[in-house]
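Novice: Okay, here's the structure, questions in a sec.
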Amino acid sequence: MAITTAEHFQIEHKGKTLEVTESKLGSQRIFHVKFPDGLKTLVLTVGESKDGVKFWTSVPPNRLSEAKEIGPLIFHYFRNKKKS
Numbered sequence: 000m001a002i003t004t005a006e007h008f009q010i011e012h013k014g015k016t017l018e019v020t021e022s023k024l025g026s027q028r029i030f031h032v033k034f035p036d037g038l039k040t041l042v043l044t045v046g047e048s049k050d051g052v053k054f055w056t057s058v059p060p061n062r063l064s065e066a067k068e069i070g071p072l073i074f075h076y077f078r079n080k081k082k083s
């Protein structure tokens, strides 16, 4: 299964511009978030609980607080893109 890059875009978070690259591994969407201050790249994806509830998570899951903040910004980017 190959990873393909689907899109590259920017989002704003806490006054900083973050570079986001969306990739796909099969049907799974993965987002690589690069920070301007040299912080290690954050890798995000959407998980699903046993009850079918979707949530943002980091890979590996040691940066969940960032995933919960930045994931919704990515969601809003795509939602706004569809509206335009």
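Under numbering that gives the first Met the number 0, the first residue of the sequence shown is numbered 0, with each subsequent residue one higher.
Every residue gets a Cβ at the ideal spot worked out from N, C-alpha and C, and that includes glycine.
Computed from a prediction, not measured in an experiment: that's the story for all the values here.
With three or more C-beta pairs closer than 8 Å as the rule, is the region 73-81 touching the region 5-24?
Specialist: With a cut-off of 8 Å, the region 73-81 and the region 5-24 count as touching, because enough Cβ pairs lie within range.
Novice: Going by alpha carbons, who is nearest to E68 out of K13, T3, I2 and V58?
Specialist: K13
Novice: Take the Cβ of A5 as the centre, count every other Cβ of all protein chains shown within 10 Å, and call the residue buried at 16 or more, exposed below.
Specialist: So A5 counts as exposed.
Novice: Anyone know if the C-beta pair for L41 and E65 falls short of 8 Å?
Specialist: yes
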